[in-house]
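Trainee: For the sequence shown, the UniProt record's numbering begins at 1 and goes up steadily by one. I am attaching a structure below and will ask some questions about it afterwards.
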Amino acid sequence: MSKSVLIVDDAAFMRMMIKDILSKNGFEVVGEAANGKEAVEKYKELTPDLVTMDITMPEMDGVQALQEIKKIDDSAKVVMCSAMGQQAMVIEAIQNGAKDFIVKPFQGERVLEAIQKALS
Numbered sequence: 001m002s003k004s005v006l007i008v009d010d011a012a013f014m015r016m017m018i019k020d021i022l023s024k025n026g027f028e029v030v031g032e033a034a035n036g037k038e039a040v041e042k043y044k045e046l047t048p049d050l051v052t053m054d055i056t057m058p059e060m061d062g063v064q065a066l067q068e069i070k071k072i073d074d075s076a077k078v079v080m081c082s083a084m085g086q087q088a089m090v091i092e093a094i095q096n097g098a099k100d101f102i103v104k105p106f107q108g109e110r111v112l113e114a115i116q117k118a119l120s
């Protein structure tokens, strides 16, 4: 059975890029969210195997959304996505239970490597 993934990013273009990489590699993208608040709602509804989470988003940032998702499901697997220069937030996310992080612009191999690591 393919692994289900929820993609969270406020930029539709970024969601499309990740979705493309994952779909081509046998993952099932079960949902997308444009902000942290939406991510938490979708997580409750879909309970995906993995979440890719952008760090900087409106309404609720990725670190806050990660904390909320971890409250719902302590074993949630979340891979953070960040632009360069967000080291402090990436570290905070890892301390809050994120499994790994990928840096934008996305490299297909790196995305898959982070996701496989998080799921193993």
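Where a beta carbon is used, it is the ideal one built from N, C-alpha and C, also for glycine. All of these numbers come straight from a predicted model, not from anything done at the bench.
Run the CB neighbour count on E45, radius 10 Å, all protein chains shown included, and call it buried at 16 or more, exposed below.
Mentor: Its Cβ having fewer than 16 others within 10 Å, E45 is exposed.
Trainee: Pull up the CB-CB distance for K104 and C81, whole angstroms please, since I reckon it's below 8 Å.
Mentor: So it is a contact: roughly 6 Å between Cβ atoms.
Trainee: Using DSSP bridges, identify the partner residues of I102.
Mentor: Answer is C81.
Trainee: Can you tell me where the beta strand (DSSP E) holding I55 begins and where it ends?
Mentor: Unbroken run through I55: none, as it is neither H nor E.
Trainee: Please report how far the alpha carbon of R15 lies from the alpha carbon of S75, in whole angstroms.
Mentor: 23 Å
Trainee: Taking the Cβ atom as the reference point for each residue, do L66 and N96 lie within a distance shorter than 8 Å?
Mentor: Yes.
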